[in-house]
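Each residue of the sequence shown is one higher than the one before, counting from 2 in the working numbering.
Below: one structure, written as structure tokens.
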Amino acid sequence: MSRAKRKLDHINHALSTGQSRENGFDDITFVHKSLPDSSVEDIDMSARIGELSISSPIYINAMTGGGGKKTQQINEALSAAAASFGMAIAVGSQMAAIRDKAEQPSYKVVRKVNPKGIIFANLGSEATADQAKQAIDMIEADAIQIHLNVIQELVMPEGDRDFTGALTRIEQIVRHAGVPVIVKETGFGMDRDTVIRLKNAGVSAIDIGGYGGTNFSKIENARRNRALHAFNGWGIPSAVSIAEGSNAASGEVSILGSGGIQDSLDAAKAIALGASASGMAGILLSVLTEHGEEGLHEELRLLHEEFKWIMCALGTKTLQDLQNAPIVISGASHHWLAERGFE
Ligand code: FNR
């Protein structure tokens, strides 16, 4: 199968497999305030991701690159939307474009339509420090995401089977990249121990990329009509992964909350659980595919407006205030955190 076909396959199956509602955010409830003493006008939604400042607390997470015209159009539309709303945006894995220059235009377009925005490069943890630098230079990236995708590789018959040395390579990339390094999961979440090891490796931010949204085990199985089920329900739900991660980070590294963020309330809950910003991927791709660029703009406008209203209702003026907003954790998330010793 050609690389272009594989990229389109991922998009199509991500759209048809859809988003589950197993991210854990339904277990999180904000404590309502009838006297918030706040005004929508005074709300400051600006966020920090490691050393970077951004005006939106929501970023567009890595999706796709390579794969010809269709993915180029998707990247162009997503990046234009990111520019309009002051959102950071990550490109999809650039390894294909490092190996074959003909693949570069669909990544470069992200910088072309968004010359001043914050853009993240993206490679897997098999990348060397030299490849990381090439990926950064290709799109004049402000930071680089290194993604971890053990489960997706295991589920693919032709996928990697050797995951040794990833942390050592990440340390090398941190030393030589020249821009902040963000390590991200791809929908299976991170536990406390992983976050501590990445923090000690010196990364600037950790995107826990939790379970409950796009599911790469289901996508890879659906692509092949395979009945391999071991990993279809595998992973740490985003809500508890953010709670574990931010506890382990103890304020020394930014935790980013992503994986199944479907709306402004999920995004706000991610921040109340300790994230510095919230990332969305699959849901924005389906809005773009179903409703076009205008639909995406309208969705993002509403998302930001509602986010502001949520902050106002809670009497929180800044994202730091929102990180400390009172929440009640119930159900399976409460159980998870109690079992894991977070009480
Ligand atoms: C992804 N994701 C992804 N992540 C990454 O680091 N590099 C990549 O190349 C890709 N490619 C990709 C393609 C498509 C079509 C989708 C939907 C997703 C994973 C993505 O960044 C994110 O971690 C997960 O999708 C979970 O977030 P959502 O989709 O539940 O918001």
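Even for Gly, the Cβ is constructed at its ideal location relative to N, Cα and C.
The model shown is predicted, which means the values in this text are computed figures rather than measured ones.
With a threshold of 7 angstroms (Cβ to nearest heavy atom), would residue i be considered close to the ligand FNR?
{"i": "Lys185", "result": "yes"}
{"i": "Ala98", "result": "no"}
{"i": "Asn233", "result": "no"}
{"i": "Gly293", "result": "no"}
{"i": "Thr65", "result": "yes"}
{"i": "Ala206", "result": "no"}
{"i": "Ile62", "result": "Here the sequence assigns Asn to residue 62, which means Ile is not the residue at that position. Because some heavy atom of the ligand FNR lies under 7 angstroms away, the Cβ of Asn62 counts as near it: yes."}
{"i": "Leu286", "result": "yes"}
{"i": "Gln20", "result": "yes"}
{"i": "Gln146", "result": "yes"}
{"i": "Met157", "result": "no"}
{"i": "Ile262", "result": "yes"}
{"i": "Ala142", "result": "no"}
{"i": "Ser107", "result": "no"}
{"i": "Ile137", "result": "no"}
{"i": "Gly246", "result": "no"}
{"i": "Asn123", "result": "yes"}
{"i": "Ala15", "result": "yes"}
{"i": "Ala48", "result": "no"}
{"i": "Gly236", "result": "no"}
{"i": "Ile12", "result": "yes"}
{"i": "Ser94", "result": "yes"}
{"i": "Gly87", "result": "no"}
{"i": "Ser279", "result": "no"}
{"i": "Ser259", "result": "yes"}
{"i": "Gly188", "result": "yes"}
{"i": "Ala240", "result": "no"}
{"i": "Ala249", "result": "no"}
{"i": "Ala133", "result": "no"}
Rounded to whole angstroms, what is the Cα-Cα separation between residue i and residue j?
{"i": "Arg176", "j": "Ala273", "result": "31 angstroms"}
{"i": "Lys34", "j": "Lys270", "result": "16 angstroms"}
{"i": "Ser251", "j": "Phe308", "result": "25 angstroms"}
{"i": "Ser126", "j": "Ala228", "result": "28 angstroms"}
{"i": "Glu154", "j": "Pro37", "result": "48 angstroms"}
{"i": "Gly210", "j": "Leu16", "result": "18 angstroms"}
{"i": "Glu77", "j": "Val114", "result": "7 angstroms"}
{"i": "Ser54", "j": "Gly118", "result": "11 angstroms"}
{"i": "Arg341", "j": "Ile197", "result": "15 angstroms"}
{"i": "Leu286", "j": "Glu245", "result": "28 angstroms"}
{"i": "Ile174", "j": "Gly190", "result": "22 angstroms"}
{"i": "Ser94", "j": "Thr169", "result": "20 angstroms"}
{"i": "Lys70", "j": "Leu338", "result": "45 angstroms"}
{"i": "His14", "j": "Val182", "result": "29 angstroms"}
{"i": "Asn123", "j": "Pro238", "result": "23 angstroms"}
{"i": "His336", "j": "Trp235", "result": "17 angstroms"}
{"i": "Ile171", "j": "Ala133", "result": "10 angstroms"}
{"i": "Ile50", "j": "Ala130", "result": "21 angstroms"}
{"i": "Asn325", "j": "Val204", "result": "24 angstroms"}
{"i": "Ser56", "j": "Ala84", "result": "11 angstroms"}
{"i": "Arg162", "j": "Ile152", "result": "10 angstroms"}
{"i": "Arg225", "j": "Ala82", "result": "33 angstroms"}
{"i": "Ser39", "j": "Pro327", "result": "16 angstroms"}
{"i": "Gly188", "j": "Arg22", "result": "13 angstroms"}
Given residue i, which residues of its chain have a CB within under 7 angstroms of its CB, disregarding the five upstream and five downstream residues?
{"i": "Thr18", "result": "Asn216, Lys219, Ile220, Ala223"}
{"i": "Gln20", "result": "Gly214, Thr215, Gly261, Gln263, Gly283, Ile284"}
{"i": "Ser265", "result": "Leu304, Glu307, Phe308, Ile311"}
{"i": "Thr290", "result": "Leu16"}
{"i": "Gln105", "result": "Ala98, Met139"}
{"i": "Val41", "result": "Lys309, Trp310, Cys313"}
{"i": "Ile44", "result": "Lys309, Met312, Cys313, Lys318"}
{"i": "Gly316", "result": "Lys34, Pro37, Asp38, Ser39"}
Output needed for residue i: all residues of its chain with C-beta closer than 8 angstroms, excluding positions within five of it in sequence on either side, in chain order.
{"i": "Asn248", "result": "Arg193, Gly275, Phe343"}
{"i": "Gly302", "result": "For the record, residue 302 in the displayed sequence is Arg; it is not Gly. Same-chain partners within the cutoff: Phe86."}
{"i": "Ile243", "result": "Ile209, Gly211, Ile256, Gly258, Ala271, Leu274, Gly275, Ala276"}
If residue i and residue j are in contact, beta carbons under 8 angstroms, what's the gap, nearest whole angstrom?
{"i": "Ala144", "j": "Ile99", "result": "Wrong, their Cβ atoms sit about 17 angstroms apart, outside the cutoff."}
{"i": "Lys200", "j": "Val254", "result": "5 angstroms"}
{"i": "Ala202", "j": "Gln146", "result": "Incorrect: roughly 15 angstroms between the Cβ atoms, too far for contact."}
{"i": "Ala278", "j": "Ile59", "result": "7 angstroms"}
{"i": "His231", "j": "Asp28", "result": "Going by the sequence as given, residue 231 is Ala instead of His. The Cβ separation is near 25 angstroms, so there is no contact."}
To which residues of the same chain is residue i closer than 6 angstroms at the C-beta, ignoring the five residues directly before and after it?
{"i": "Thr72", "result": "Lys8, Thr65, Ser107"}
{"i": "Ala30", "result": "The sequence as given places Thr at residue 30; Ala does not occur at that position. Excluding positions up to five away in sequence, the list reads Val329."}
{"i": "Phe26", "result": "Ala240, Asp267, Lys270"}
{"i": "Ser259", "result": "Asn62, Asp208, Gly210, Gly280"}
{"i": "Val110", "result": "Gln73, Asn76, Glu77"}
{"i": "Ala167", "result": "Ser126"}
When DSSP builds the beta bridges, which residues end up paired with residue i?
{"i": "Tyr108", "result": "Its beta-bridge partners do not exist; DSSP assigns none."}
{"i": "Ile183", "result": "Gln146, Ala206"}
{"i": "Ser255", "result": "Ala206"}
{"i": "Ser242", "result": "Per DSSP, none; premise fails for Ser242."}
{"i": "Ser54", "result": "Arg49"}
{"i": "Leu124", "result": "Ile147"}
{"i": "Ser279", "result": "Ile59, Gly258"}
{"i": "Ala167", "result": "According to DSSP, Ala167 bridges with nothing at all."}
{"i": "Ala91", "result": "Phe121"}
Heavy atom of the ligand ZN less than 7 angstroms from the Cβ of residue i, yes or no?
{"i": "Thr215", "result": "Absence of the ligand ZN is noted for the structure shown, with the ligand FNR being the only ligands found."}
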